[in-house]
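Visitor:
Protein chains in written order, with this note's numbering: chain A, 1 to 326; chain B, 1001 to 1326.
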């Protein structure tokens, strides 16, 4: 598979992105196209380019984190995000990975690749793995802050297809995130969505609560992008606080991860660590697009490329076009 | 202060409730009224009743967790919840603590005590202490699943008064929970609420994200009851998964808390443990009402009584009536 990687996107670009791409080229059967500033990338990747059959697509412009997505896309047609998405559109690569401005990636994907027919709102699907034995897919992780029941209904379908194809789960258990397990609980959006998903033929297990995330009771967690984003970031923040823990008086860095590993609890934070999963998949556009965490370093990028490779292998975006025939 | 305690409410009632009440009577300067089945309470509390000046208010009926709040209140006028709330209404006690059916406690408080003049929607305020050095108050933690901007605006004011009076913070930092820090981020509710809180004269620090919870950047986290409940339960679930951790193959119980304490990380889970804080305060009704976790055992109940005592001492519900004069 050919994977384009945004070498200019993310806090640790381009160094860590290139390192991650090199790791991925060793680990997976992929041909990588680094999208970014040509001279810099030649310098960083050096001999590895030829050795690992990596290519460079020159993108002299860069969209920063603070920029307004739509304006930035208009003003910077030669940015790594625009060029990377266009490589997908033109069929020159099978997937695109970016740790850059999420809003800009979403907009570029939406406007350049377009939505899969029948999909109202593409959603970001992210793995939440606070239960190691049974990681769950959460969507929407932040693409749509305001949703309607028809959107949540489609998220359930998109998540079902993802879980079958990427996670290899035969009959994914679909849960609807709510503030109570009874079907009468929830805000109006959730109450209406509950009834629609219930009658969908999916393996719907009903409402799930925040404390169910750790219990491994569901394979897919359906929620709006506002709530989903907050939950994902809450888990991430807690994971970070364990990994980078300092003593209460801030006098010393306790190296939480090492300490936890010492006592056999390392697996706990591993599940809460976004680096393990690399990125969220944008479901519902005509192409495979992976959005990585802005703070991604080599390991997260390598894993994101692995996910992109898997999505491309199973032709995920084509599978997702079955969303309306379920 | 006189505190009524629902001895029939919660998964571990009445044994653990009575144990917690006895602990509280030792630790705080409180007179406790146990509300529940008289004969059973005499049996459980025994000689402690006289020794600790504890009283019993007989409530032969009990509202279970699964019951519909309004129907249950109508059908069971002699339930511990109805009788406990009435003790507050009649001025016979200064506060009521219950680990029973939350919906029923909220309804009883709302209809029997009534709302503070000018308050549109009372809210549950719960301590989130994933950052031990700087615990934050989150509201609404679950009383109102659907909110309007005027509600979130009032939650900010109520939280400000609580933080000043109960947490002793002079100028509480108020944050609005959102899916991005910029003021243009959020769903429609948050975007509109942001503008109202911004112009309120409160010490508003703007939007906070899920991963800010651990950073101690805010004293009050304002959110709707749907999102708030999910966040609180997510943190609780993760805390539980650390405390009651099992090895990945389920072969042994690792006693997470003890192991973490061994390596000096005990403070991390302590902050995520609802038992430490005992309960959420219902803000905006004419009386002091504390809702404890349904799984509360003695320690949580003791702490909830401590919180009730503090709320009564500072006459919290009277302070809250200043909400419209801020």
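Glycine included, C-beta positions come from ideal geometry on N, C-alpha and C.
Since the model is a prediction, treat every value here as computed from it, not as a measurement.
Quick one: give me the first and last residue of the beta strand (DSSP E) that residue 117/A is part of.
Guide: For residue 117/A, no beta strand (DSSP E) segment is defined, and its DSSP state is neither H nor E.
Visitor: To the nearest whole angstrom, what separates the beta carbons of residue 1307/B and residue 1284/B, a pair I think is in contact under 8 Å?
Guide: Actually they do not touch by this definition, with Cβ atoms about 16 Å apart.
Visitor: Within 8 Å, do at least three Cβ pairs link the segment 1050–1060 of chain B to the segment 1023–1038 of chain B?
Guide: The segment 1023–1038 of chain B is in contact with the segment 1050–1060 of chain B.
Visitor: To the nearest whole angstrom, what separates the beta carbons of residue 1123/B and residue 1144/B, a pair I think is in contact under 8 Å?
Guide: Yes, residue 1123/B and residue 1144/B are in contact; Cβ-Cβ is about 7 Å, under 8 Å.
Visitor: Who are the Cβ neighbours of residue 55/A in its own chain at under 6 Å, not counting the five residues just before and after it?
Guide: 33
Visitor: Can you grab the Cα-Cα spacing for the pair residue 287/A / residue 15/A, in whole Å?
Guide: 26 Å
Visitor: Below 8 Å on the Cβ atoms is my contact criterion, and I expect residue 1196/B with residue 1153/B to pass it. Report the Cβ-Cβ distance as a whole number of Å.
Guide: 4 Å
Visitor: Going straight from the alpha carbon of residue 1247/B to that of residue 1211/B, what length do you get?
Guide: Its pLDDT being 49, under 50, residue 1247/B is placed unreliably by the model, and nothing is read from it.
Visitor: So, with DSSP's three-state summary, where would you put residue 1061/B?
Guide: strand
Visitor: Between the beta-carbon of residue 229/A and the beta-carbon of residue 141/A, is there less than 7 Å?
Guide: yes
Visitor: Bridge partners for residue 1285/B per DSSP, in chain order?
Guide: 1115/B
Visitor: Going by beta carbon distance, what residues of the same chain come within less than 8 Å of residue 323/A, once the five residues before and after it are set aside?
Guide: 116, 118, 119, 154, 157, 158, 161 and 284
Visitor: Name, please, each residue of chain B whose Cβ falls closer than 9 Å to the Cβ of residue 101/A.
Guide: Correct list: empty, because the minimum Cβ distance to chain B is about 12 Å.
Visitor: List the endpoints of the continuous beta strand (DSSP E) containing residue 1189/B.
Guide: Careful: residue 1189/B lies outside any beta strand (DSSP E), inside the alpha helix (DSSP H) at 1188–1198.
Visitor: Whose C-beta lies closer than 8 Å to the C-beta of residue 1207/B among residues of the same chain, with five residues either side of it excluded?
Guide: For residue 1207/B, the CB contacts under 8 Å within the same chain, skipping 5 residues up- and downstream, are 1175, 1176, 1177, 1178, 1180, 1181, 1182, 1183, 1185, 1186, 1190 and 1194 in chain order.
Visitor: Beta carbon of residue 4/A, beta carbon of residue 87/A: below 7 Å?
Guide: yes
Visitor: Identify whether residue 1313/B lies in helix, strand or coil by the three-state DSSP scheme.
Guide: helix
Visitor: If I'm right that residue 1069/B touches residue 1104/B with Cβ under 8 Å, what's the distance once you round it to whole angstroms?
Guide: 4 Å
Visitor: Helix, strand or coil, according to DSSP, for residue 110/A in the structure here?
Guide: Looking at residue 110/A - three-state DSSP - the assignment turns out to be helix.
Visitor: Could you check if residue 1077/B is buried or exposed, using at least 16 other CB atoms within 10 Å of its CB as the buried criterion?
Guide: Label assigned to residue 1077/B: exposed.
Visitor: Determine, for residue 231/A, whether the minimum Cβ-Cβ distance to residues of chain B falls below 7 Å.
Guide: Residue 231/A has a beta carbon lying within less than 7 Å of a beta carbon in chain B.
Visitor: Just the Cα atoms here: how many angstroms apart are residue 1134/B and residue 1043/B?
Guide: 42 Å
Visitor: Rounded to whole angstroms, how far is the Cβ of residue 214/A from the Cβ of residue 1237/B, which I believe are closer than 8 Å?
Guide: 4 Å
Visitor: Using 7 Å as the limit for Cβ to Cβ distance, is residue 295/A near chain B?
Guide: no
Visitor: Count the other CB atoms within 10 Å of the CB of residue 46/A; is the residue buried (16 or more) or exposed (fewer)?
Guide: exposed
Visitor: Cutting at 6 Å between CB atoms, please list the residues of its own chain near residue 240/A, excluding the five before and the five after it.
Guide: Excluding sequence neighbours, residue 240/A sits near nothing in its chain.
Visitor: Given residue 93/A, which residues of its chain have a CB within under 7 Å of its CB, disregarding the five upstream and five downstream residues?
Guide: 2, 3, 4, 33 and 87.
Visitor: If we define contact as Cβ-Cβ less than 7 Å, is residue 1213/B a contact residue for chain A?
Guide: yes
Visitor: Could you tell me whether any Cβ in chain B is nearer than 7 Å to the Cβ of residue 10/A?
Guide: no
Visitor: Taking all protein chains shown into account, decide if residue 1198/B is buried (16 or more other Cβ within 10 angstroms of its Cβ) or exposed.
Guide: exposed
Visitor: Please identify, using Cβ separations under 7 Å, the residues of the segment 182–208 of chain A that lie next to chain B, in order along the chain.
Guide: 186, 187 and 188
Visitor: DSSP puts residue 1207/B in a beta bridge; with which residues?
Guide: In DSSP, residue 1207/B forms a bridge with 1176/B.
Visitor: Considering only DSSP beta bridges, list what residue 1125/B is partnered with.
Guide: When beta bridges are read from the DSSP output, residue 1125/B appears opposite 1139/B and 1281/B.
Visitor: So with CB distances below 9 Å, who are the chain A contacts of residue 1179/B?
Guide: 142, 145, 225, 226, 227, 228, 229, 230 and 233
Visitor: So which residues of chain A does residue 1130/B contact, with C-beta pairs closer than 8 Å?
Guide: For residue 1130/B, the neighbours in chain A by C-beta distance under 8 Å run, in chain order, 237, 238 and 241.
Visitor: Does the beta-carbon of residue 1051/B have 16 or more other beta-carbons within 10 angstroms, so that it is buried, or is it exposed?
Guide: exposed
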